[in-house]
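K.L.:
2 protein chains.
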Amino acid sequence: MKTRVLSGLIMLPLLVIVILNGWVLYAGCLVISLMAAYEFFRGFRELDIKPNYPIAVCSIVALYLLGMLRYLAIRTTDGFSPVRVFSSETWIYLWIFGTVLACLLYLFSIEKRKLEDAMVTITGIFYVGFFCYTIGELALMQELNILVWLVIITAFGTDICAYFAGVTMGKHKLCPKISPKKTWEGAIGGILGSVILSGLFGLFFAKEFLIHCLVIGFLASIVSMFGDLTASIFKRKMGIKDYGNLIPGHGGILDRFDSVLFTGPVVYFYAVIILQMFCFWL
Amino acid sequence: MKTRVLSGLIMLPLLVIVILNGWVLYAGCLVISLMAAYEFFRGFRELDIKPNYPIAVCSIVALYLLGMLRYLAIRTTDGFSPVRVFSSETWIYLWIFGTVLACLLYLFSIEKRKLEDAMVTITGIFYVGFFCYTIGELALMQELNILVWLVIITAFGTDICAYFAGVTMGKHKLCPKISPKKTWEGAIGGILGSVILSGLFGLFFAKEFLIHCLVIGFLASIVSMFGDLTASIFKRKMGIKDYGNLIPGHGGILDRFDSVLFTGPVVYFYAVIILQMFCFWL
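Chain order of the listed sequences is A and B.
Going from the first sequence to this note's numbering is simple: count from 1 and add 6.
Going from the second sequence to this note's numbering is simple: count from 1 and add 6.
#1: What does the Cβ neighbour count give for Phe137 of chain B, buried or exposed, with the cut at 16 atoms within 10 Å?
#2: So, helix, strand or coil for Thr83 of chain A, using DSSP?
#3: Hey, out of A:Leu100, A:Trp101, A:Arg76 and A:Ile98, whose CA is closest to Arg90 of chain A's CA?
#4: Would you say Arg242 of chain B reaches chain A, if we count a Cβ-Cβ gap shorter than 8 Å as a contact?
#5: For Pro186 of chain A, does the three-state DSSP call read helix, strand or coil?
#6: With 16 as the cutoff for other CB atoms within 10 Å, does Glu52 of chain B come out buried or exposed?
#7: Please report the distance separating the alpha-carbon of Gly270 of chain B from that of Val157 of chain B.
#8: Verify the CB distance criterion: does Pro60 of chain A have a CB-CB separation below 8 Å to chain B?
#9: Taking contact to mean 3 or more Cβ pairs, one atom from each stretch, closer than 8 Å, check whether the region 22–38 of chain B and the region 117–124 of chain B are in contact.
#10: Mind listing which residues of the region 162–191 of chain B have their C-beta closer than 7 Å to chain A's C-betas, in chain order?
#11: Which of the three DSSP states is assigned to Phe268 of chain A in this structure?
#12: If distances are taken between C-alpha atoms only, which option among B:Ile202, B:Gly258 and B:Ala237 comes closest to Val221 of chain B?
#13: Might you give, ordered along the chain, the residues of its own chain that have their beta carbon closer than 8 Å to the beta carbon of Glu191 of chain A, omitting 5 neighbours on each side?
#14: To the nearest angstrom, how far is it from the Cα of Ala42 of chain B to the Cα of Ser115 of chain B?
#15: In three-state DSSP terms, what is Gly245 of chain A?
#16: Contact criterion: CB-CB distance below 8 Å. Does Glu45 of chain A meet it with respect to chain B?
#17: Do Ile102 of chain A and Phe92 of chain B have their beta-carbon atoms positioned less than 8 Å apart in this structure?
#18: For Ile228 of chain A, decide whether its Cβ has a neighbour in chain B, counting only Cβ atoms nearer than 8 Å.
#19: With a CB to CB cut of under 6 Å and the five nearest residues on each side skipped, what residues in its chain are close to Ala108 of chain A?
#20: Tell me, which residues are paired with Lys179 of chain B by DSSP?
#21: Using the Cβ count rule (16 or more neighbours within 10 Å means buried), how would you classify Glu149 of chain A?
#22: Under DSSP, the alpha helix (DSSP H) around Ile279 of chain A begins and ends at which residues?
#23: Using beta-carbon positions only, say whether Thr236 of chain A and Leu110 of chain B come within less than 8 Å of one another.
#24: State yes or no: is the beta carbon of Glu95 of chain B nearer than 8 Å to at least one beta carbon in chain A?
#25: Of all Cβ atoms in chain B, is any one closer than 8 Å to the Cβ of Thr129 of chain A?
#26: Report the rounded CA-to-CA distance for Leu288 of chain A versus Gln282 of chain A, giving the unit in angstroms.
#27: Using only the alpha-carbon positions, how far apart do Ile66 of chain A and Ile98 of chain A sit?
#28: If contacts are defined as beta-carbon pairs under 8 Å, then Ser230 of chain B and Ala145 of chain B qualify, I think. What distance do you get, rounded to the angstrom?
#29: Measure the C-alpha to C-alpha separation of Ala277 of chain A and Leu153 of chain A and round it to an integer number of angstroms.
#30: Just to make sure I have the definition right: I need the residues of chain B whose C-beta is within less than 8 Å of the C-beta of Thr309 of chain A. Which are they?
#31: Please classify Met17 of chain A: is it buried, with 16 or more other beta-carbons within 10 angstroms of its beta-carbon, or exposed?
#32: So with Cβ pairs under 8 Å, would you call Ile222 of chain A a contact of chain B?
#33: Excluding the 5 residues flanking Val63 of chain A on each side, which residues of the same chain have their C-beta closer than 7 Å to its C-beta?
#34: Do Thr105 of chain A and Ser265 of chain A come within 8 Å of each other at the CB atom, strictly closer than that value?
#35: Counting only Cβ pairs nearer than 7 Å, list the residues of chain B close to Val154 of chain A.
#36: I need the straight-line Cα distance from Ala124 of chain A to Gly135 of chain B, nearest angstrom please.
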């Protein structure tokens with residue numbers, strides 16, 4: 007328990023990165039994507055599946071580079087600037103095509119490869135790399151990037167509140183086959199905790215979005231648990247307990263961020279579609 | 007041989023669809039995507055992997071619907087039209103997220119599922135569904151959609167010319183472990199044939215793009231062979247000879263279109279990036 011608390015302090019630099027937000031957080035997301043993909047791929051060693059990490063690195067770095075170029079392209083008002091071409095969605099298509107193509111070509115050493123090697127590479131890039139990337143996109147959204155805090159608050163808030171609610175009141179098992187200790191009481195406590203914490207955040211730091219903070223607190227809390235369970239399913243099938251031991255007592259990056267991978271996209275899409283696009287109709 | 011020729015006639019309706027181009031071809035690509043994904047998934051039965059076809063159908067239909075909405079959005083000049091919001095690349099991100107999320111949630115019946123079930127679903131949607139979708143996008147490009155012919159000409163041209171060059175002059179094996187009959191002589195013949203046929207097409211039907219037709223004829227011919235070999239790798243690992251027997255003597259849709267899946271994106275990206283965006287700099 008003492009190791010756990012002390013190791014928790016290692017998370018402090020991450021807090022600084024979230025406070026700085028913007029490009030610092032964008033770069034932080036890139037680093038976390040790469041580390042998490044590494045842990046994800048390593049987990050498949052037990053199943054004798056060998057995904058290709060260099061392809062994942064190239065693909066994830068390209069994704070963040072393209073995002074940067076698009077950011078610059080959209081904010082460049084000079085109509086003749088070459089960077090303008092990066093405002094097109096074609097580059098996202100090209101990224102998907104390049105990523106999948108590289109993974110398929112990886113199979114060409116047919117005797118050394120299994121189909122799973124390519125499929126895990128594809129899955130890892132999209133699940134770990136792309137899901138995390140949406141947090142980076144959120145960090146670059148002017149006026150709305152304060153909502154990045156909700157990604158963290160809902161993920162960790164749900165986790166902690168569910169733990170205490172489960173320990174004190176837990177009776178009915180939630181999904182014993184995936185995660186035997188989880189209970190319905192814990193899940194409900196987690197959702198309530200997440201909504202309350204998100205509401206408090208809205209009240210003090212983003213009053214104009216208070217209602218939206220409560221809605222996000224509810225939605226993200228639910229997907230947060232799915233994120234946690236998804237990681238459990240992978241680990242169970244891989245036959246491992248933790249993805250890594252980077253943070254003693256906490257496991258690897260991916261053990262800590264399994265829920266964040268799911269709350270990230272939800273907050274991002276809520277911000278873009280509900281909060282930003284809604285302005286079109288008003 | 008007679009069956010093969012007669013069955014070839016079944017391909018005639020496809021020619022009509024390519025001639026009509028535009029939305030008809032767009033719809034045709036959707037149908038072919040869905041059929042090809044079905045065959046791809048069915049091939050995994052032999053390996054006792056059960057991908058989820060309904061998820062693939064929903065995902066692929068959503069991709070085409072979003073493409074349609076974005077087409078309308080970009081061409082709607084009225085700034086206050088609700089359809090305008092679909093011009094954002096966010097919807098493509100949402101599509102990726104939704105697709106991967108659905109496949110991961112499919113694993114939650116943990117006892118009935120293997121990790122491979124989800125990973126094959128993801129791979130199939132991106133490899134078969136998305137690659138084919140780029141042809142649909144190309145079909146909607148005004149002034150450039152005549153280049154759809156090059157997708158067909160390079161894929162089938164390479165295949166046929168490589169076959170005859172290989173039969174008459176073939177000596178040096180290309181990749182005996184993947185496809186034992188293919189030779190370097192065949193590959194070179196295929197590339198030459200593709201360049202010549204693409205050049206002839208340019209000369210008669212798209213004179214303003216003649217040089218580009220020759221370049222596409224060369225590039226697409228090479229990826230065409232990779233497309234063919236990729237399908238061979240999958241089939242070899244699955245332990246099947248053909249993906250299906252929809253067209254007697256020709257195998258399934260995916261056996262016929264394995265190269266088209268690769269030439270499609272190449273012609274599309276060439277058209278958008280080299281031909282369309284290049285105008286920005288001029």
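Beta carbons: idealized from backbone N, C-alpha and C, even for Gly.
P.N.:
Taking the coordinates as given:
#1: Counting from one through the second sequence, the residue named residue 137 of chain B turns up at place 131. Counting Cβ neighbours within 10 Å, Phe137 of chain B comes out buried, since at least 16 surround it.
#2: The sequence position of residue 83 of chain A within the first sequence is 77, counting from 1. Coil.
#3: Here residue 90 of chain A corresponds to residue number 84 of the first sequence, with the count starting at 1. For the residues A:Leu100, A:Trp101, A:Arg76 and A:Ile98, the minimum Cα distance to Arg90 of chain A belongs to A:Arg76.
#4: Indexing the second sequence from 1 puts residue 242 of chain B at position 236. Answer yes: the Cβ-Cβ gap between Arg242 of chain B and chain A drops below 8 Å somewhere.
#5: Locating residue 186 of chain A in the first sequence gives position 180, counting from the first residue. Strand at Pro186 of chain A.
#6: For the purposes of this step, residue 52 of chain B is taken as the residue at position 46 of the second sequence. By the 10 Å Cβ count, Glu52 of chain B comes out exposed.
#7: Along the second sequence, read from residue 1 onward, the residue named residue 270 of chain B stands at position 264. Along the second sequence, read from residue 1 onward, the residue named residue 157 of chain B stands at position 151. So the two alpha carbons sit approximately 5 Å from each other.
#8: Within the first sequence, residue 60 of chain A is the residue found at index 54, counting from 1. No, because no Cβ of chain B sits closer than 8 Å to the Cβ of Pro60 of chain A.
#9: No, because fewer than three Cβ pairs between the region 22–38 of chain B and the region 117–124 of chain B fall closer than 8 Å, the two stretches do not touch.
#10: Lys183 and Ile184
#11: Position 262 of the first sequence, counted from the start, is the residue given in the question as residue 268 of chain A. Three-state DSSP puts Phe268 of chain A in a helix.
#12: Here residue 221 of chain B refers to the residue found at position 215 when the second sequence is read from its first residue. Relative to the Cα of Val221 of chain B, the nearest Cα in the group B:Ile202, B:Gly258 and B:Ala237 belongs to B:Ile202.
#13: Taking the first sequence and counting its residues from 1, one reaches residue 191 of chain A at position 185. Only Ala171, Gly172, Met175, Gly176, Lys177 and His178 meet the Cβ criterion.
#14: For the purposes of this step, residue 42 of chain B is taken as the residue at position 36 of the second sequence. For the purposes of this step, residue 115 of chain B is taken as the residue at position 109 of the second sequence. C-alpha separation (whole angstroms): 26 Å.
#15: Residue numbering aside, residue 245 of chain A sits at position 239 when the first sequence is read from its first letter. Correct three-state label for Gly245 of chain A: coil.
#16: Looking up residue 45 of chain A in the first sequence gives position 39. No, its Cβ sits nowhere closer than 8 Å to a Cβ of chain B.
#17: Within the second sequence, the letter at position 86 stands for residue 92 of chain B. Within the first sequence, the letter at position 96 stands for residue 102 of chain A. Not closer than 8 Å, so no.
#18: Here residue 228 of chain A refers to the residue found at position 222 of the first sequence. With 8 Å as the cut-off, Ile228 of chain A does not count as an interface residue toward chain B.
#19: For the purposes of this step, residue 108 of chain A is taken as residue 102 along the first sequence, with counting starting at 1. Taken in chain order, the residues that qualify are Ile61.
#20: Looking up residue 179 of chain B in the second sequence gives position 173. BP columns for Lys179 of chain B point to B:Thr189.
#21: Walking along the first sequence from the start, residue 149 of chain A turns up at place 143. Glu149 of chain A comes out exposed.
#22: Position 273 of the first sequence holds residue 279 of chain A. No alpha helix (DSSP H) holds Ile279 of chain A; DSSP gives it neither H nor E.
#23: Against the first sequence, residue 236 of chain A aligns to sequence position 230. Against the second sequence, residue 110 of chain B aligns to sequence position 104. Against a cut-off of 8 Å, the Cβ pair of Leu110 of chain B and Thr236 of chain A comes out as a contact.
#24: Taking the first residue of the second sequence as 1, we reach residue 95 of chain B at position 89. By this cut-off, Glu95 of chain B is an interface position.
#25: Your numbering for residue 129 of chain A matches position 123 in the first sequence. With 8 Å as the cut-off, Thr129 of chain A counts as an interface residue toward chain B.
#26: Working through the first sequence from its first residue, we reach residue 288 of chain A at position 282. Working through the first sequence from its first residue, we reach residue 282 of chain A at position 276. Here the model assigns Leu288 of chain A a pLDDT of 49, short of 50, so the residue's position is not dependable and the matter cannot be decided.
#27: Position 60 of the first sequence holds residue 66 of chain A. Position 92 of the first sequence holds residue 98 of chain A. C-alpha separation (whole angstroms): 12 Å.
#28: For the purposes of this step, residue 230 of chain B is identified with residue 224 of the second sequence, where counting begins at 1. For the purposes of this step, residue 145 of chain B is identified with residue 139 of the second sequence, where counting begins at 1. Their Cβ separation, rounded to whole angstroms, is 19 Å, which puts Ser230 of chain B and Ala145 of chain B out of contact at 8 Å.
#29: As a first step, residue 277 of chain A is located in the first sequence; it is residue number 271 there, counting from the start. As a first step, residue 153 of chain A is located in the first sequence; it is residue number 147 there, counting from the start. Answer to the nearest angstrom: the Cα atoms are 8 Å apart.
#30: Lying outside 7 to 288, the shown extent of chain A, residue 309 of chain A is not represented and no answer is given.
#31: Translated into positions along the first sequence, residue 17 of chain A becomes position 11. So Met17 of chain A counts as exposed.
#32: Here the question's residue 222 of chain A lines up with position 216 in the first sequence. Not one chain B Cβ lies under 8 Å of Ile222 of chain A.
#33: In the first sequence, counting from the first residue as 1, residue 63 of chain A sits at position 57. Same-chain partners within the cutoff: Leu40.
#34: Working through the first sequence from its first residue, we reach residue 265 of chain A at position 259. Working through the first sequence from its first residue, we reach residue 105 of chain A at position 99. Not a contact, by the Cβ cut-off of 8 Å.
#35: The residue you call residue 154 of chain A lines up with position 148 of the first sequence. Simply none; closest approach about 16 Å.
#36: For the purposes of this step, residue 124 of chain A is taken as residue 118 along the first sequence, with counting starting at 1. For the purposes of this step, residue 135 of chain B is taken as residue 129 along the second sequence, with counting starting at 1. Between Ala124 of chain A and Gly135 of chain B, the C-alpha separation is close to 17 Å.
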